[in-house]
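Going by the working numbering, the final residue of the sequence shown carries number 380, and the count climbs one at a time with no gaps. Since the structure comes first, as structure tokens, the remarks are kept for the end.
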Amino acid sequence: MKTAMIFGTRPEAIKMAPLYIKMKENGIDVKVIATAQHREMLDQVLELFEIKPDYDLNIMKKNQSLPELTSRLLIAIDEILKIEKFDYVLVQGDTTSSFVGSLTAFYNKIPVGHVEAGLRTNDIYNPFPEEMNRRLTGTIALHHFASTQKAKENLLKENVEEKNIIVTGNTVIDALLWVKQNKNKDIEKIKEKYNIKNKKFILVTMHRRENWGKPIENVMKAIKRYLHENEEMYIVFPVHLNPVVRESVYKILGNEEKAILIDPVEYLEFIALMDSSHYIMTDSGGIQEEAPTLGKPTLVLRKTTERPEAIEAGTAKLIGTEEETVYQAMKELETEQYTKMSKASNPFGDGKASERIIEFLKEEFNGQK
Ligand code: UD1
Ligand code: UDP
């Protein structure tokens, strides 16, 4: 079974890496088509997991529009699928790379497996364009690898056949545990290098399109106020490379001494930061899934979430992006709520998602390699 994995952003690479490593260990013929929708942020991840793409489309341009990215990707992926004749294509999540990867596979009549299938907010503009990307990918895909039972239920509601939905847990936990197991010494070294062990800091990330402009600025103002009132607290914020995001963040926090603004850090470094943080504030999906494995409460800077499991399990709290609400939520984490949130268990998996996907594929394709 000749398989292509198509991905291009940082989170896709993190979530596909453990599956790729396991597929190789199992002798499966798998090739990576890296769209490089994120150039620098992708390369860091590939290096850490020692993955060399078979194809690199180098598609990223600064400030590219969604239609421009979509159309260039469609042509570039098609050229490769025409040469290679794959039997199966794997895509992950909800980016433009995953949607266009699956659409191009469809045009070439190649069946698609969707990793992290079934996430829904049921609002097509929230998150934008991810909610539409994952719905469209779900319509095209034959196999749906869902992280949780809830994701499976979402797919059933859309009339996906039950035999094609496989609940596996999220591969991000596989990735996190792989790094902790294989690179733990490096993580400890990073903590020493930054001298972060004894500092009390909140780790912040924020980049989603629906938060651009006012929402990001509101949150930055709330953080600024909190930092002024709490002398011992810092924030560490690896700011996404998107220029629109950077402008809003630097405008408000650029001159704040206790706001440590840095460029996106390598995954290894990010794990060290998560591990040492007091808690996390983010609009990221992957981070909400990783945080509970490390026992870190998470304040989710969004209006809706496709990951209600985290809220229900009590590891995360959905706080929106209004200045006052965000500030109050930070204050609340000074209470016993903190201990409760840090002790809740992880609803997103046990680190065996890749194994389950491979078991299914082996059975489905009758032991073909
Ligand atoms: C993309 C995905 C989003 C995913 C997010 C993860 C789409 C439409 N969006 O959003 O679903 O959650 O990645 O982070 O697929 N840039 C760089 N270097 C990089 C990465 C980005 O310079 O390594 C800059 C470029 O100016 C680029 C811009 O960021 O044009 C936006 O990148 P893009 O991939 O279009 O969107 P994201 O906001 O990163
Ligand atoms: N991450 C990283 N470096 C950073 C910030 C995040 O390696 O500076 C990792 C993080 O651990 C998680 C993933 O990137 O696994 C999340 O990516 P992002 O927030 O861009 O996307 P999303 O999860 O929202 O799709």
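Just so it is clear, CB atoms sit at the ideal spot from N, CA and C, and this is done for glycine as well. Predicted model, so just to flag it, every value in this text is computed and none were measured.
Residue state for PRO249 is assigned as strand, using DSSP reduced to three classes.
Classified as exposed, PRO78 has fewer than 16 neighbouring CB atoms from the shown chains inside 10 Å of its CB.
In the displayed model, GLY124 falls within a strand according to three-state DSSP. In terms of side-chain proximity, the C-beta atom of PRO308 is found no nearer than 8 Å to any non-hydrogen atom of ligand 1. Relative to ligand 1, the nearest heavy atom lies less than 8 Å away from the CB of SER295.
For PRO22, the shortest separation between its Cβ and any heavy atom of ligand 2 lies below 8 Å. The beta carbon of GLU280 lies closer than 6 Å to those of ILE201 in the same chain, with the five residues before and after it left out. Annotation for LYS42: the continuous beta strand (DSSP E) segment containing it runs 41-45. Checking the 8 Å criterion, the Cβ of GLU277 is within range of a heavy atom belonging to ligand 2. As computed with DSSP, VAL190 is found in no beta bridge at all.
Comparing C-alpha distances from ASP54 to each of GLU95, GLY38, THR20 shows the shortest one belongs to THR20. Distances taken from the Cβ of PRO138 to the heavy atoms of ligand 1 include one shorter than 8 Å.
Fewer than three beta-carbon pairs drawn from the stretch 175-182 and the stretch 191-199 are found closer than 8 Å, and the two stretches are therefore not classed as touching. A distance below 9 Å separates the beta carbons of TYR290 and ILE213.
Cβ atoms of SER259 and MET231 come within 8 Å of each other, at about 7 Å. A residue is called buried when at least 16 other Cβ atoms come within 10 angstroms of its Cβ; VAL215 meets this threshold and is buried. For PHE60, the shortest C-beta to heavy atom distance toward ligand 2 is 8 Å or greater. At a threshold of 8 Å, PRO249 counts as near ligand 2, since its beta carbon sits closer than that to one of the ligand's heavy atoms. For THR14, there is no enclosing alpha helix (DSSP H); the enclosing beta strand (DSSP E) covers residues 14-18.
For HIS239, the enclosing alpha helix (DSSP H) stretches over residues 225-240. Within the DSSP secondary-structure output, GLN103 pairs in a beta bridge with VAL126. A contact is defined here as three or more CB-CB pairs under 8 Å, and the stretch 360-376 fails this definition with respect to the stretch 330-349.
Using a cutoff of 8 Å, the CB of PRO358 does not count as near ligand 1, since none of the ligand's heavy atoms is closer than that.
Rounded to whole angstroms, GLU95 and LYS191 show a C-alpha spacing of 35 Å.
Under the 10 Å beta carbon count, ASP98 is surrounded by fewer than 16 other beta carbons and is classified as exposed.
Cα atoms of LYS63 and ILE39: separation of roughly 16 Å, rounded to the nearest angstrom. Going by DSSP, PHE97 is part of no beta strand (DSSP E) at all; its letter is neither H nor E.
About 19 Å separates the beta carbons of ILE32 and TYR66, which is beyond the 8 Å limit, so they are not a contact pair.
Counting only runs that start and end inside the stretch 291-373, the alpha helix (DSSP H) elements of at least 4 residues fall at 296-301, 319-324, 334-343, 348-354. Counting other Cβ atoms within 10 Å of its Cβ, ILE273 stays below 16 and is therefore classed as exposed.
In the DSSP assignment, THR216 falls within the unbroken beta strand (DSSP E) covering 211-216. For MET71, the secondary structure class from DSSP, reduced to helix, strand or coil, is coil.
Look at LEU329: its beta carbon is at least 8 Å from all of the heavy atoms in ligand 1. For LYS314, the CB stays at least 8 Å from every heavy atom of ligand 1. Taking 8 Å as the cut-off, one finds no heavy atom of ligand 1 near enough to the beta carbon of GLN299. Residue pairing of VAL178 in beta bridges, as defined by DSSP: ALA157.
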